[in-house]
Amino acid sequence: QVQLVESGGGLVQAGGSLRLSCAASGTIFSINAMNWYRQAPGKQRELVAGSAVGYADSVKGRFTIFRDNAKNMVYLQMNSLKPEDTAVYYCNAAGVAQRWDGARMDYWGQGIQVTVSS
198 QVQLVESGGG
208 LVQAGGSLRL
218 SCAASGTIFS
228 INAMNWYRQA
238 PGKQRELVAG
248 SAVGYADSVK
258 GRFTIFRDNA
268 KNMVYLQMNS
278 LKPEDTAVYY
288 CNAAGVAQRW
298 DGARMDYWGQ
308 GIQVTVSS
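Numbering (my numbering), first residue to last: 198 to 315.
This is the structure we're talking about:
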């Protein structure tokens, strides 16, 4: 089994910064991509940043995703935060293989709250 654990969320004032971290653990042979999604109250979950696909327009120039393949970790540096960035942020590992010839599956973290006050 594979587990994803997020950390680094919290409350910050508008204009501030936060860095989210996500650690993937368990039996992992390879991961195709690692991504960050978010879901605000009453809204659908949306892709914020992906290691292979880039950024949502709403965060371009403010957020940076970087992945440490050796440690199976992904980070999201969030700068110039706005109240509309308030959401639960989810880490996603896409296309995880637990063995070289195994099937690939997607996994999700439990989510972490980010709240930006105005």
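Just so you know, even glycine gets a beta-carbon here, dropped at the ideal spot from N, CA and C.
| Check | Outcome |
| --- | --- |
| Cross-strand partners of residue 229 (DSSP beta bridge) | DSSP, once it has assigned bridges, lists no residue as partnering residue 229. |
| Chain-order list of residues whose beta-carbon lies under 6 Å from that of residue 224 (same chain, five-residue window excluded) | 295 |
| Span separating the alpha-carbon of residue 208 from that of residue 313 | 6 Å |
| Three-way DSSP call (helix, strand, coil) for residue 266 in this model | helix |
| Per-residue DSSP class, three states only, for residue 298 | coil |
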